[in-house]
Structure formats: C-alpha cells, structure tokens
Amino acid sequence: MDTGWRYRAASVGGVAGLVALAVMLANNGTVQSAVSLVPVLGRLPVDPPTGAEFVIEVALTVVVVTGAFVPLYKPRPRRILDIVALAHKRTFVAVFALATIGYFDYTYKVPRLTLVLITPLLVAVLPAWFIWLRRPEARSERATIVGDDPAQIEEIARGADLPLLGYLCPTTVHALTDAQSVAEDPGVRSTGVAHAADGGRQSAGLARLGGLSRLEDILVEQDIDTVVLAFDEPDRAEFFGALDACYEHGVAAKVHPAHADTVLTDRPDPNASLVDVEIEPWDIQDYMFKRGFDIAFSLTGLLALSPVIAVIALAVKLEDGGQVLYRQERTAVFGETFPIFKFRSMTPEDESAMPIDDDDNDRITRVGRLLRQTHLDEIPQLWSILRGDMSVVGPRAVWTEEEHLLEDEAETWRKRWFVKPGLTGLAQINDASSVDPGAKLRYDLQYVREQSFAYDLKIVARQLWMVGVDVWKALRR
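Going letter by letter, the sequence shown gives residues 667 to 1143 in this note's numbering.
Have a look at this one:
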C-alpha cells in the first residue's frame, strides 16, 4: 500500500474524478429519459441542468462527497470488508448532506433524480476504487517482527526479504537480549537491536518499537502491511492475540515454516524462509454469501419457531421454577470469548469442565432430556448467529473452561480458532462430542481445510434431516 502523500493524492483525486463522472452520467438526457420509464422514478422531473447551473451542481457534489470521505484518505491498514462498509456509510452521509443543502438553499439544489441516480453509482465505484488502491502491486511493503523468541527475531531480521521497520517483544526479552550482548562484549552498550548469534556486534539495524501491547498502535502509526510472528510457543494467547490484531487491521501475517502446522497456511514451501498465514480463509464473495445465509437462516428460524420458543420457555419454568436460559462463555475466533445462550436442560449446580456423556449425567432434567434429544435446546443460539458471534456452520463453540482440557488431549486444538464457531458442522453431523476430542478435532480441521459456501449448504441439509429424524423418534416415544 502506498503511504504518505501519494496515497492521499490518489484517493482524493480518484474520489473527485469518479464523483464528477457520476454526476455527468446522471445528467445525461438519454439516461434520464430511460430512467423516467421506471414507474416510481417517472414521477421525478427530467430537467438536466446546463451552463453555470451544471457547473455548480458538479462542483457542489464533488466537494461534499470528497469531504465526506476524509476518514478513508489516511493510508491505514483495513480489511476489504471494512473498506466497503465505511465507503458505503460515507456515501450515504454525503447524499444526505446534499439533500439537506438543497432543502434549505434552492441555489445549490441537486435535482432529486440526480441524487437517486448517483447514489448506486457511488456505492459501487467508490469502494472499488479504495480496494484497487490496496492491490498488491501498488503496495510499498512495510513489515515488523512481533514475538518473544530472541533467536527467531534475530534470524528473521538477518534473513527475511522484507523491508523491516523494527520489532516488538516483551520488555523482559528485550532486556535479556541486551544483557547477553553486553556480557559478550563489555565495551558495547545496549542498543535495543537484534545481535548476531555468534556473539559479534553485527546489528540487524532494527529498533525495538515497543512491547506486544503496542502492536495495534504500531500497525496504524507506521502503516504496517506485514507482520512476521516470532513466538517460541505459537499456541499461546499472545500469538493468537497478534493474529487477531492483524485480522482486525487487514494486515498480512507470516510465520516460520517450523510453526506452519500450528496455523492455517496454503501448502507452505519447505524451502521458504517464511510462510504466509491465511488469516481470512474466505474470500470476500464467499464471506458475503456465508454471512447473508447466516442472517437469513437465523432470522427465519427465530420467527418461524417463536411459538415453539414460548412453549419450551414455559415448560422449563414450570418444571423446577429455575431460569429458562443458560448462559456460558464460549471461545470464538483467535481465542476471543462471547456469551452463548441455550434453553436450560440441567439443574443449576456447579458444573465441571470435564466432558460427560448425557447417559451418565444425572443433572439433566426431564424436559432437558427431551430438548437435548431433539436439539431444541440449541434454538437460542440463532440469536448469537444473527449478532455475528457464531455462524450456522463451523467448529463447535467450546466452553472456555473446557478448552484447556481439550488442548491437553490434542496440541493442534487451537487451529480451530481461525474459523468462526458454528451451530453445526462436520463434528456435529458425525456425532463427535467433547468426550472424544481426537475425533472432534479431526472433523473440525477437515472442515477448516475444505470449507466453502457449497460445503456449508450440504452440512446444513444433513443436519436438518438428522434433527427431523430425532424429533420424529422423540414423538414416537
């Protein structure tokens, strides 16, 4: 991504030019005549301005829209979806401002038909312009190293083919590195840069930019495009916290090939010095389809099942007078947590993180056993899907306290954190539960490798069939 005045000049000039073209196109007589054939739009007057009036209209629209897009001119890292959302928001702000100006001052009024025509044009072309500015060939890469392993930081600093601006590491690691350097050569003062492993004062020319807590600030302040992770234990929370920061700011991440099995990568080259991490496994088109399906599925389910929800809530309340809903913290993408809700199916006692089979669980109530057999206790999770905390399909959302037990059973458990948890998934439709973490992990990782929107639809179809069969069996009993 170009930085400084070049990016700002390109973004401002592009917005101004595209807006001017949109206004000219909207005021074309042929275009307006064609649009007037649409029943609703035909009520708007067709009267393209000319001369000074047209110049004022173009100038006013360019100034207002260009001013509304000020937040997008800074070359800070952003995800593509964030660019689209922010560009749409600023477009509607600009159109509202133009309509307001015309309402109070007829001299600077932009015709209603022009506003109606330029809005969809700007909604389409302006986000595309900012996305195009972020194309790989237009980026002047700026990278930094983040980690707690001095040896890795040093090796990457000496061998990486990247324009490194510096590194971030914990204060204790930084102090240890400097102390070792001074001990090896008492005449050398602490410099805060990486030193060669052979003990010589062969500086890699990198300055320490701060601790790990400053990562997000550095990403924005230094316009970082790439983060190279150099952690001694890549399954720790700090490692996934750094990945989360990269995800939120649209920054690429790389890792040493030795740790490629811990993260999602695209067939790493064993001879490469660094491996690209797939922070966003879904491309923007599939992501939009998946999110749209999540919203439609959850909203339809909540509305269609509202009578069932009322009956279940009443049954749970009447059985023992306890709470209707059960709340628990579950692990989401990159180790973050979110609250999940289910219809309460057990007595409210102290629960253990150790997984237990339903047949051996004496805390399950009579209503709760029926809810579990028919999967109806999962209905409140549709709200979590609608909010965006979960997806319809994905790895099972695991209780936060249970994560530690499952990690002890399978070292690569956290690889599931790259994908949003789901209401159903391969593990669910194959009856793999938490009491068998090995089987559950195999199915979850298989989904992570093969995920696609079409794959999701197949899993949903199979899950709905299984739910129907279980409900039928329960009714027959």
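Beta carbons: idealized from backbone N, C-alpha and C, even for Gly.
From the DSSP output, in three-state form, read off I811 for me. Counting from 1 along the sequence shown, the entry for residue 811 is found at position 145. Three-state DSSP puts I811 in a strand.
Count Cβ pairs between the stretch 876-894 and the stretch 907-915 that sit closer than 8 Å; are there 3 or more? yes
Rounded straight-line distance, which links the Cα of D891 to that of R808: The sequence position of residue 808 within the sequence shown is 142, counting from 1. The sequence position of residue 891 within the sequence shown is 225, counting from 1. C-alpha separation (whole angstroms): 5 Å.
For Y1121, which three-state DSSP category applies? Taking the sequence shown and counting its residues from 1, one reaches residue 1121 at position 455. Helix.
Where P1005 sits in the DSSP three-state scheme: As a first step, residue 1005 must be located in the sequence shown, where it is residue number 339. Strand.
Quick check: what's the CA-CA separation for R855 versus Y913? Walking along the sequence shown from the start, residue 855 turns up at place 189. Walking along the sequence shown from the start, residue 913 turns up at place 247. Per-residue confidence for R855 stands at a pLDDT of 38, beneath the threshold of 50, marking its modelled position as unreliable; the derived number appears in the next sentence. When rounded, the distance between both Cα atoms is 37 Å.
For W1065, the residue or residues it bridges with in DSSP: Taking the first residue of the sequence shown as 1, we reach residue 1065 at position 399. W1065 pairs with R996.
Is it buried or exposed, V736, if we count other Cβ atoms within 10 angstroms and call 16 or more buried? As a position in the sequence shown, residue 736 is number 70, starting the count at 1. Result: exposed.
Could you check the C-alpha separation between A682 and L1111 for me, to the nearest Å? For the purposes of this step, residue 682 is identified with residue 16 of the sequence shown, where counting begins at 1. For the purposes of this step, residue 1111 is identified with residue 445 of the sequence shown, where counting begins at 1. The straight-line gap from Cα to Cα measures roughly 47 Å.
Might you give, ordered along the chain, the residues of its own chain that have their beta carbon closer than 8 Å to the beta carbon of V724, omitting 5 neighbours on each side? Start at 1 with the first residue of the sequence shown, and residue 724 comes out as number 58. Result list for V724: A686, V689, M690, in chain order.
Does chain C have any CB closer than 9 Å to the CB of E820? Among the protein chains of the structure shown there is no chain C, as only one such chain exists.
Inter-residue spacing [alpha-carbon to alpha-carbon] between L831 and L872: For the purposes of this step, residue 831 is identified with residue 165 of the sequence shown, where counting begins at 1. For the purposes of this step, residue 872 is identified with residue 206 of the sequence shown, where counting begins at 1. About 7 Å.
Where do the ends of the beta strand (DSSP E) carrying L726 lie? Here the question's residue 726 lines up with position 60 in the sequence shown. Premise fails: L726 lies in the alpha helix (DSSP H), 717-734, not in any beta strand (DSSP E).
Thinking V776 and T716 are a contact (beta carbons under 8 Å), I'd like their distance in whole angstroms, please. Your numbering for residue 776 matches position 110 in the sequence shown. Your numbering for residue 716 matches position 50 in the sequence shown. Wrong, their Cβ atoms sit about 15 Å apart, outside the cutoff.
Taking buried to mean at least 16 other C-beta atoms within 10 Å of its own C-beta, is A924 buried or exposed? In the sequence shown, counting from the first residue as 1, residue 924 sits at position 258. Result: exposed.
Reduced DSSP category for A826 - H, G, I as helix; E, B as strand; rest coil: For this step, residue 826 is matched to residue 160 along the sequence shown. Note: A826 maps to coil in three-state DSSP.
For W1138, which three-state DSSP category applies? Along the sequence shown, one-based indexing puts residue 1138 at 472. W1138 falls in the helix class under three-state DSSP.
As assigned by DSSP and simplified to three states, the class of S869: Taking the sequence shown and counting its residues from 1, one reaches residue 869 at position 203. Annotation note: pLDDT 36 at S869 (below 50); position unreliable, coordinate value reported separately. It is coil, neither helix nor strand.
In the DSSP output, what is D942 paired with across the bridge? As a first step, residue 942 must be located in the sequence shown, where it is residue number 276. According to DSSP, which records beta bridges pairwise, D942 is partnered with K920.
Just reading off the alpha helix (DSSP H) that T1031 is part of, what are its end residues? As a working mapping, residue 1031 is identified with position 365 in the sequence shown. Note, T1031: premise wrong, no alpha helix (DSSP H); not H, not E.
A896 bridges to which residues according to DSSP? Residue numbering aside, residue 896 sits at position 230 when the sequence shown is read from its first letter. Bridge partners of A896: G813.
Which of helix, strand or coil DSSP assigns to R874: Translated into positions along the sequence shown, residue 874 becomes position 208. It is a strand residue.
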